[in-house]
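Heads up: the sequence lines are chains A and B, in that order. Adding 7 to a residue's 1-based position in the first sequence gives its number in our numbering. Adding 6 to a residue's 1-based position in the second sequence gives its number in our numbering. Think of the CB as a built atom: it goes at the ideal place given N, C-alpha and C, for glycine as much as any other residue. The next block holds one structure in the form of structure tokens; read it before the comments.
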Amino acid sequence: EPEVTQTPSHQVTQMGQEVILRCVPISNHLYFYWYRQILGQKVEFLVSFYNNEISEKSEIFDDQFSVERPDGSNFTLKIRSTKLEDSAMYFCASSEAGLPEQFFGPGTRLTVL
Amino acid sequence: AQSVAQPEDQVNVAEGNPLTVKCTYSVSGNPYLFWYVQYPNRGLQFLLKYITGDNLVKGSYGFEAEFNKSQTSFHLKKPSALVSDSALYFCAVRGDGGSQGNLIFGKGTKLSVKP
């Protein structure tokens with residue numbers, strides 16, 4: 008069964024450093040998403056992406072964040088200058104055109120020191 | 007404002023007994039409702055959805071959920087719990103119900119099934 012994959016599973020970085028989190032969505036899916044879950048809190052929407060552009064973003068997704076689909080398979084989330092409060096589990100998800108359910112990857116745990 | 011509430015932090019059930027995990031929602035327009043399950047160190051796994059039609063929807067692993075429009079609820083149920091059902095369960099609603107939009111999640115309910 009096709010799955011969303013994410014790398015790395017755990018990323019440790021120093022405050023102020025740039026990080027790139029990588030995702031490979033399910034191959035026939037056209038809509039891509041990033042969510043995050045701070046420890047002990049709700050899963051929160053960050054951004055959705057379709058047809059090579061952002062279709063929706065939350066207020067969390069400020070200028071420090073960017074997304075890119077650099078090739079036909081990868082979908083990345085970049086945090087330009089990490090802050091302590093960016094420490095969270097970051098989930099990538101994808102969905103098929105016309106179907107509302109989103110399929111999630113296993114997550115990347117980001118720790119900012 | 008659109009929101010999802012899961013009033014129970016934890017639900018404890020004996021194996022073989024029925025289980026219910028509660029969810030209520032607030033959303034403008036017609037809701038698209040979902041249940042996801044998260045096992046330790048794993049991602050969110052889709053269980054079932056309600057879009058329209060029959061109020062009782064069936065999903066993976068014997069789970070089902072009942073949509074109740076008047077009570078704005080979408081409770082997850084299973085007739086006979088298994089120890090392997092122990093996990094974190096999230097209810098989610100689509101933002102506006104009309105586009106391929108973002109999901110709004112509840113805070114999660116930890117289900118513990120004891121032998």
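**Prompt:** Do you know whose CA, among B/P121, B/V99 and B/S118, lies nearest B/W41's CA?
**Reply:** Position 35 of the second sequence, counted from the first residue, corresponds to residue 41 of chain B. Considering only alpha carbons, the answer is B/V99.
**Message:** Suppose the cutoff is 8 Å on Cβ atoms and the five residues either side in sequence are ignored; what does the same chain contact list for A/P77 look like?
**Reply:** Along the first sequence, one-based indexing puts residue 77 of chain A at 70. The residues are T83.
**Message:** Measuring only from the beta carbon, is A/N81 closer than 8 Å to any heavy atom that is part of the ligand PLP?
**Reply:** What this structure holds is no ligand at all, so the ligand PLP is not there to describe.
**Prompt:** So, is the C-beta of A/F82 closer than 9 Å to a C-beta in chain B?
**Reply:** One-based indexing of the first sequence puts residue 82 of chain A at position 75. For A/F82, the answer is no, since every Cβ of chain B falls outside 9 Å of its Cβ.
**Message:** Rounded to whole angstroms, what is the Cα-Cα separation between B/Y67 and A/G23?
**Reply:** Indexing the second sequence from 1 puts residue 67 of chain B at position 61. Indexing the first sequence from 1 puts residue 23 of chain A at position 16. Using only the alpha carbons, I get a separation of about 44 Å.
**Residues bridged to B/C131 [DSSP beta-bridge criterion]** = No information on residue 131 of chain B is available, as it lies outside the stretch 7 to 121 that chain B covers here.
**Request:** Consult DSSP for B/V89 and reduce its assignment to one of helix, strand or coil.
**Result:** Position 83 of the second sequence, counting from 1, holds the residue named residue 89 of chain B. B/V89 falls in the helix class under three-state DSSP.
**Asked** B/K55 touches chain A at which residues, Cβ-Cβ below 8 Å?
**Response** For the purposes of this step, residue 55 of chain B is identified with residue 49 of the second sequence, where counting begins at 1. Those are P107 and E108, listed as they occur along chain A.
**Prompt:** Which residues in the same chain as B/Q112 place their Cβ atom closer than 8 Å to its Cβ, once the five residues preceding and following it in sequence are excluded?
**Reply:** Numbered from 1 along the second sequence, position 106 holds the residue referred to as residue 112 of chain B. It is worth fixing the name first, because residue 112 of chain B is Gly in this sequence and not Gln. For B/G112, where only same-chain residues beyond five positions count, the Cβ hits under 8 Å are V10, A11, Q12, C29, F96, C97 and A98.
**Message:** I'd like the list of long-range same chain contacts for A/S73, defined as Cβ closer than 6 Å, with 5 residues on each side in sequence excluded.
**Reply:** In the first sequence, residue 73 of chain A corresponds to position 66, counting from 1. Around A/S73: K85.
**Message:** If we define contact as Cβ-Cβ less than 9 Å, is A/V74 a contact residue for chain B?
**Reply:** As a working note, residue 74 of chain A is residue 67 in the first sequence. Not an interface residue.
**Prompt:** What residue from A/N58, A/Y57 and A/Y42 has the CA that sits closest to A/E51's CA?
**Reply:** Position 44 of the first sequence, counted from the first residue, corresponds to residue 51 of chain A. Measuring from the Cα of A/E51, the nearest candidate turns out to be A/Y42.
**Item:** Inter-residue CB distance, B/V63 and B/L54 (contact presumed, cutoff 8 Å)
**Value:** Counting from one through the second sequence, the residue named residue 63 of chain B turns up at place 57. Counting from one through the second sequence, the residue named residue 54 of chain B turns up at place 48. Confirmed, about 5 Å.
**Item:** Residues, ordered as in the chain, of the segment 37–58 of chain A that lie near chain B by beta-carbon distance below 8 Å
**Value:** Y38, Y40, Y42, Q48, K49, V50, E51, F52, S55 and Y57
**Message:** If we require 4 or more residues per run, which alpha helix (DSSP H) segments fall completely within the segment 47–85 of chain A?
**Reply:** none
**Request:** Within the same chain, show all residues whose beta-carbon is closer than 7 Å to that of A/N121, passing over the 5 residues directly before and after it, in chain order.
**Result:** In the structure as shown, chain A starts at 8 and stops at 120, and residue 121 of chain A therefore has no counterpart that could be examined.
**Item:** First and last residue of the uninterrupted beta strand (DSSP E) at A/Y40
**Value:** Here residue 40 of chain A refers to the residue found at position 33 when the first sequence is read from its first residue. Here the beta strand (DSSP E) through A/Y40 covers Y38 to Q44.
**Distance CB(B/L25)-CB(B/L82) smaller than 9 Å** = In the second sequence, counting from the first residue as 1, residue 25 of chain B sits at position 19. In the second sequence, counting from the first residue as 1, residue 82 of chain B sits at position 76. Yes, the pair counts as a contact, with Cβ atoms nearer than the cut-off.
**Asked** Within 9 Å (strictly less), CB to CB, does B/Q51 reach chain A?
**Response** Working through the second sequence from its first residue, we reach residue 51 of chain B at position 45. Yes, contact with chain A.
**Request:** Could you tell me how far apart the beta carbons of A/T115 and A/S16 are, in whole angstroms, since I believe they sit closer than 8 Å?
**Result:** To locate residue 115 of chain A, count along the first sequence from 1; it is residue 108. To locate residue 16 of chain A, count along the first sequence from 1; it is residue 9. The Cβ separation is near 6 Å, so the contact holds.
**Message:** B/T78 and B/S118 - do their beta-carbons sit closer together than 9 Å?
**Reply:** Walking along the second sequence from the start, residue 118 of chain B turns up at place 112. Walking along the second sequence from the start, residue 78 of chain B turns up at place 72. Cβ distance not < 9 Å, so B/S118 and B/T78 don't count as in contact.
**A/L46 versus A/Q21, A/R29 and A/Y97, residue with shortest Cα-Cα distance** = The sequence position of residue 46 of chain A within the first sequence is 39, counting from 1. The residue with the shortest Cα to Cα distance from A/L46 is A/Y97.
**Request:** Starting from the beta carbon of A/E63, find every residue of chain B whose beta carbon is closer than 7 Å, and list them in chain order.
**Result:** On the first sequence, position 56 is the one that residue 63 of chain A refers to. Within 7 Å Cβ-Cβ: G107 and N108.
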